[in-house]
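Position 3 of the sequence shown, counting from 1, maps to 576 under this note's numbering, and the rest follow consecutively. Everything below concerns the one structure shown next.
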Amino acid sequence: MSNLVNKGNLTLCAAMEKRFLNTKEVAAYLGMAESTIRAWIRVEKIPFSRLGRSVRFDLKKINEWLKNKESVSRREFHLDFEKHVL
């Protein structure tokens, strides 16, 4: 993969090559607004690390977090479904 940059926006290919992402990069990776990522940082909804005043996201932890969110959401859906159907 190459480090492609399109008008200042990081492409998915470039983000995937890095292990630690900044807020702009993780927002692009997740397809979210930077303001949403910053709000999630404030309430500690997303895994991140502070390096001085900088915030960095470990791509491995982000992917693990996404996988866990998917599992929880499916489990919650099935429990809610069973409550209302059975």
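Don't be surprised by glycine CBs; every beta carbon is placed ideally from N, CA and C. Computed from a predicted structure; not experimentally measured.
Taking the C-alpha atoms as reference points, what is the distance between LYS580 and GLU617? Within the sequence shown, numbered from 1, the residue matching residue 580 stands at position 7. Within the sequence shown, numbered from 1, the residue matching residue 617 stands at position 44. Confidence at LYS580 is low in this model, with a pLDDT of 42, below 50, so the placement of that residue should be treated as unreliable; the coordinate-derived value is given next. Each residue's alpha carbon lies about 30 Å from the other.
Can you pull the DSSP bridge partners for VAL628? Counted from its first residue, the sequence shown places residue 628 at position 55. Per DSSP, ARG623.
Let's test the definition: count the other Cβ atoms within 10 Å of the Cβ of PHE600 and tell me whether it reaches 16, buried, or not, exposed. Here the question's residue 600 lines up with position 27 in the sequence shown. Just to set this straight, residue 600 is Ala in the shown sequence, not Phe. With 16 or more Cβ atoms within 10 Å of its Cβ, ALA600 is classed as buried.
Tell me the DSSP bridge mates of LEU594? Working through the sequence shown from its first residue, we reach residue 594 at position 21. Beta-bridge pairing links LEU594 to PHE630.
Is TRP613 helix, strand or coil by DSSP? Here residue 613 corresponds to residue number 40 of the sequence shown, with the count starting at 1. In the structure shown, TRP613 sits in a helix (DSSP, three-state: H, G or I).
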